[in-house]
């Protein structure tokens, strides 16, 4: 007798033994009296707890400071930048708008008192309602996982008793909306799984579409919602994998199943995500304090934005153009030089060229101006016809104030020794000739054409002598460099930090150097018109900035925590502390709920491993039906 026959025999014997222990004509479920209207009781209890006096205290707390400012900017249609998608802020702003909030309150500091005219109830309503809806959704999720109503009620009770959950649901925060949409998406996925025997029915399409919608809404509140989205994709993949193992199903049917699922899971999330950002970018069309993180073209598309957009500003960069060069991607800064030299020796005893410093400066300054010059011409005045610079042309960049040309040579950079130093050339009558020729490469030539345009053209300046590109290194210079950012050349040309664009632009009128200096110093840039960018241009740029600016700016702070600290609740967060008394709001979970949950995960994992090993040895302690349910909880 082979092993399969042995296993079948053991299962039959175990099944007979289990049946003999049951009462005749009854099942275990028939002895359980299920409570009625659990959902209603849970919802009423949650509403009573979360909505009772949730406008108290009327003080600005923790992240309410940031989200309140964002809501105020929505009211004024002022562009702002945040590392997470805007849906949560949009929902709060919509309710605040209906309540008459004008956005004038500044949300200046944690602990500041809200004036009487601020609709604090409206501002906190969406998070509170979201928290109230989470409990019945969690209850239904437990039922879909195969648990009893008592177990579902216990899950809701644990949530209702969790201090951290209740605290976050009573303030202007994003987490309640994130949890609500994520749980709704999970519930819809579980509902969809149960329709395996009713493919392509109305309910089959409905639950799949709702799952895709709610999961995407969760991502649109915070990107961390992508974890739940990934979990649900795994559940759907396993469900389809089980279909593949069914020999009764034909190949054509399986292909239609695959195409149907993929179509819904691609089209609906894309449409929802794009719609959220379409609203965001169309509403926030005025310039604001966060503009500088975006490119010059993006700033110019905002009403009242970018000081360089002046009436009559030239478009074509030509011989004699006065320009400022902005680092296009990442940290906003401008190519800069000043009348200070690199030290003769650095702190590590390396020598420098002792040439004039070239840096990237994060503020607008007269020393950011450069003059574009053809190498074979001595004048620096724009004449008619305009001698426009094109893709592939070789130029010199002359610093507007010091009249020294941008230069590079085989000397290691100050903070990045693996790169070359960039300087403005000074003739010391030594054996170091000027190497001040740069080739203009327009990387978006297919969009803007071969002529170098202000604002629109993204260029890479390649040093002719060494074939290295002008690059923002991201490193900060010490005291001798006034803590400005380092500029180098790099042999690896194709990278974001080697991309620049002209922001401010004017044609040189005077040949005399002193007169040119007066033009630059007295230049007054007044916004007049806005340039046009398509939704796709703005959307793609904003996605890029949200992705990479987050990695640059996120740092540990006093309230940050590590994942290993979460299961056992080793630290909390002080949301608010009264200046006059010891009253405070502190984010700290219920220790019983958190510790029992962590212990439950450990216990479940241990039992799963134990019974898996037992079943491998043909010891079937648990009937197959219960075992499948036990395992499916882990998978779902």
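Numbering (my numbering), first residue to last: 26 to 661.
Ideal Cβ placement from N, Cα and C applies to all residues, glycine included.
Quantities reported herein were computed from a predicted structural model and do not represent experimental measurements.
With DSSP as the reference, identify every bridge partner of residue i, one or two as the case may be.
i	result
residue 153	DSSP, once it has assigned bridges, lists no residue as partnering residue 153.
residue 105	Paired residue(s): none; residue 105 is not in a bridge.
residue 496	513
residue 328	311
residue 282	Partner(s): none; residue 282 has no beta bridge.
residue 526	351
residue 416	Beta-bridge pairing links residue 416 to no other residue.
residue 376	370
residue 341	478
residue 532	346
residue 501	510
Between which two residues does the beta strand (DSSP E) containing residue i stretch?
i	result
residue 382	381-386
residue 715	With the chain covering only 26 through 661, there is no way to say anything about residue 715.
residue 466	463-467
residue 351	346-352
residue 435	431-437
residue 448	445-449
residue 599	598-602
residue 612	609-612
Which of the three DSSP states is assigned to residue i in this structure?
i	result
residue 560	helix
residue 230	helix
residue 396	strand
residue 648	coil
residue 263	helix
residue 595	coil
residue 658	helix
residue 423	strand
residue 252	helix
residue 92	helix
residue 170	coil
residue 486	strand
residue 275	coil
residue 568	helix
residue 160	helix
residue 294	helix
residue 239	helix
residue 270	coil
residue 128	coil
Hey, quick one: how far does the alpha helix (DSSP H) through residue i stretch, first residue to last?
i	result
residue 218	200-218
residue 480	Neither: residue 480 is in no alpha helix (DSSP H) and is coded neither H nor E.
residue 616	616-641
residue 120	112-123
residue 471	470-473
residue 175	174-185
residue 188	188-193
Label residue i either buried or exposed according to how many other C-beta atoms from any shown protein chain fall within 10 Å of its C-beta, with 16 as the threshold for buried.
i	result
residue 511	buried
residue 370	exposed
residue 642	exposed
residue 227	exposed
residue 408	exposed
residue 449	buried
residue 456	exposed
residue 138	exposed
residue 432	buried
residue 346	buried
residue 429	buried
residue 232	buried
residue 625	exposed
residue 617	exposed
residue 637	exposed
residue 273	exposed
residue 650	exposed
Shortest alpha-carbon distance to residue i belongs to which of the options?
i	options	result
residue 207	158, 322, 593	158
residue 493	435, 143, 338	435
residue 224	481, 187, 300, 286	286
residue 311	183, 231, 218, 101	101
residue 520	507, 182, 498	498
residue 596	513, 509, 189	189
residue 170	625, 219, 140	219
residue 156	201, 192, 516, 186	201
residue 378	91, 266, 460	460
residue 307	115, 486, 612	115
residue 501	592, 423, 387, 488	387
residue 152	471, 172, 463, 117	117
residue 488	505, 518, 469	518
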